[in-house]
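J.:
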Amino acid sequence: GPLWERPLMEVRLGELHTWLSTCSFSPQGLLGAVQKAWSSYCARYIHVRQGAPAGISMLLAGYCLLSYGWNYQHLSKASLGSPH
Amino acid sequence: VLHTTRPLHTTQQSLAPVPPLPEKGGEVRHGLIPEEFFQFLYPKTGVTGPYMLGTGLLLYLLSKEIYVINHETAAAACILGVIVYGIKKFGADVAAFADKLNEEKVATALAMKNEAIQALQTAIEEEKKEQWRVEGRSYLFDAKRNNIAMLLEANYRERLLMVYNEVKKRLDYQVAMQTLKRQKEQDHMIQWVEKNVVQSITPQQQKESIAKCILDLKALSKSAHAAV
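Here the protein sequences come in this chain order: U and Y.
The numbering of the first sequence is my numbering, which starts it at 727 and goes up by one.
The numbering of the second sequence is my numbering, which starts it at 1480 and goes up by one.
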């Protein structure tokens, strides 16, 4: 279909910036995008007959990475401040 | 609040029956990286591409101290080890248990559905039977009509009998009165005649009649003696 109706996975790398210009960055648009992403993730990995640990483990790994990123300043300062 | 002016069921799409869940989720390698990533890199770098990318990234992060190694690293490694061991050992059992629970739920729902279907079937059969019974209406009403006619007839005859009895009683009474009156008159007349006759017999006539009787008796006895 046309460019602005395709999901992100089917957009080629060259058309990425045009695709970004077509999507709406208003609060409702962003909220809608977040909701769509979350529901597609759920439908893909969580709402299945035979669930696997991959469903939650990916969420936990993402959480680990995010928290490491947020605390990076503090962690690097701690390691440099006390080098044994 | 139901807006009754809004048209309902305008499209073919409906929420039931709900489409069934897919059997297995998306493929994930090593529990962390979805398979799509490997497929994405396969045309350019082959099978080992993502692994080389991962190793290079890890070495870069470690050498540039973007990922610092401290006590938390050791703790994370131990925790990960225990989790992986637990999943590998007890995963199948837990999955079987959950599947059993699901099965039971589905079985109860199915049983309810079957029961409901059964009940409706019996209801349908009962209804058909009732409809067949309705055809016998005419017989029922004929029987009722006969019953009522018989009741009316019996009542009418009962009343006729009552009337007849009452009239007979009254007539019998009249007849009895008349016979009694006649009898009384008769008795009275007889008595009166007897009384008068007895009164009219004077002593003179009595003596004459006795003497006549004695003479007659003597004559009779003489004729009887002669006959013997």
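Note that CB positions come from ideal geometry on N, CA and C, so glycine has one too.
Whole angstroms is fine: what's the gap from Thr1552 of chain Y's alpha carbon to Met1591 of chain Y's?
T.: So the two alpha carbons sit approximately 54 angstroms from each other.
J.: Would you mind sorting Gly781 of chain U into buried or exposed? The rule is 16 or more other CB atoms within 10 Å of its CB.
T.: With 16 or more other Cβ atoms within 10 Å, it is buried.
J.: For the candidate residues U:Leu792, U:Gln776 and U:Ser802, whose alpha-carbon lies nearest to that of Asn1549 of chain Y?
T.: Among U:Leu792, U:Gln776 and U:Ser802, the Cα nearest to that of Asn1549 of chain Y belongs to U:Ser802.
J.: In the DSSP assignment, find the alpha helix (DSSP H) that holds Gln1670 of chain Y and state where it starts and stops.
T.: That run of the alpha helix (DSSP H) goes Arg1616 to Ser1679.
J.: Given a threshold of 16 other Cβ atoms within 10 Å of its Cβ, counted over all protein chains shown, does Val1677 of chain Y qualify as buried or as exposed?
T.: When all chains shown are included, Val1677 of chain Y counts as exposed.
J.: Less than 8 angstroms separating the beta-carbons of Ser783 of chain U and Gly1510 of chain Y?
T.: Result yes, Cβ atoms of Ser783 of chain U and Gly1510 of chain Y sit closer than 8 angstroms.
J.: Roughly how many whole angstroms lie between the Cα atoms of Gly1560 of chain Y and Trp745 of chain U?
T.: Approximately 42 angstroms, taken between the alpha carbons.
J.: From U:Phe751, U:Leu742, U:Trp796 and U:Ala769, pick the residue whose C-alpha is nearest to that of Lys1503 of chain Y; which is it?
T.: Minimum Cα distance to Lys1503 of chain Y is reached at U:Ala769.
J.: Can you check whether the C-beta of Ile1566 of chain Y is within less than 8 angstroms of a C-beta belonging to chain U?
T.: Interface residue, yes.
J.: What residues of chain Y sit near His773 of chain U, judged by a beta carbon separation below 7 angstroms?
T.: Chain Y residues near His773 of chain U: Leu1500.
J.: Between U:Leu792, U:Gly788 and U:Lys762, which has its C-alpha nearest Ile1512 of chain Y's C-alpha?
T.: It is U:Gly788 whose Cα lies nearest to the Cα of Ile1512 of chain Y.
J.: Quick one: Cα of Leu786 of chain U to Cα of Tyr767 of chain U, how far?
T.: Taking the straight line joining both Cα atoms gives about 14 angstroms.
J.: Answer yes or no: does any C-beta atom of chain U fall closer than 8 angstroms to that of Lys1543 of chain Y?
T.: No - not a single Cβ of chain U is within 8 angstroms of the one on Lys1543 of chain Y.
J.: Closest to Val1563 of chain Y by CA distance: which of U:Trp764, U:Pro779 and U:Leu806 is it?
T.: Of U:Trp764, U:Pro779 and U:Leu806, the residue nearest in Cα terms is U:Pro779.
J.: Expressed to the nearest angstrom, what Euclidean distance is found between the alpha-carbon atoms of Thr1587 of chain Y and Asn1593 of chain Y?
T.: Their Cα atoms are separated by approximately 10 angstroms.
J.: Can you list, in chain order, the residues of its chain whose CB lies under 6 angstroms from that of Gly807 of chain U, leaving out five sequence neighbours each side?
T.: Taken in chain order, the list of residues that qualify is empty.
J.: Sort U:Gln776, U:Ala804 and U:Leu792 by Cα distance to Asp1578 of chain Y and report the nearest one.
T.: The shortest Cα separation from Asp1578 of chain Y among U:Gln776, U:Ala804 and U:Leu792 belongs to U:Gln776.
J.: Beta-carbon of Ser783 of chain U versus every beta-carbon of chain Y: anything under 8 angstroms?
T.: By this cut-off, Ser783 of chain U is an interface position.
J.: Could you pull the DSSP bridge partners for Pro1513 of chain Y from this structure?
T.: DSSP output for Pro1513 of chain Y lists Y:Val1507 as bridge partner(s).
J.: For Cys1692 of chain Y, which residues of its own chain have a beta-carbon under 8 angstroms away from its beta-carbon, when the five flanking residues on both sides are left out?
T.: Cβ within range, chain order: n/a, list empty.
J.: In terms of residue numbering, what span does the alpha helix (DSSP H) encompassing Arg1612 of chain Y cover?
T.: Start and end: His1550 to Val1613.
J.: Opposite Gln776 of chain U in the DSSP bridges: which residues?
T.: Beta-bridge pairing links Gln776 of chain U to Y:Lys1503.
J.: Taking Tyr798 of chain U as part of the alpha helix (DSSP H), name the residues at either end of that continuous run.
T.: Taken as a continuous stretch (DSSP letters only), the alpha helix (DSSP H) holding Tyr798 of chain U covers Tyr798 to Gly807.
J.: So Leu1500 of chain Y packs on His773 of chain U, CB below 8 angstroms; how close in whole Å?
T.: Confirmed, about 6 angstroms.
J.: Is the beta carbon of Leu1520 of chain Y closer than 8 angstroms to that of Gly1528 of chain Y?
T.: In contact: Gly1528 of chain Y and Leu1520 of chain Y (Cβ atoms closer than 8 angstroms).
J.: Can you tell me which of the three DSSP states Lys1543 of chain Y falls into?
T.: Correct three-state label for Lys1543 of chain Y: coil.
J.: Could you check which residue in Y:Val1654, Y:Ile1558, Y:Tyr1546 and Y:Glu1514 has the C-alpha nearest to that of His800 of chain U?
T.: When only C-alpha atoms are compared, the closest one is Y:Tyr1546.
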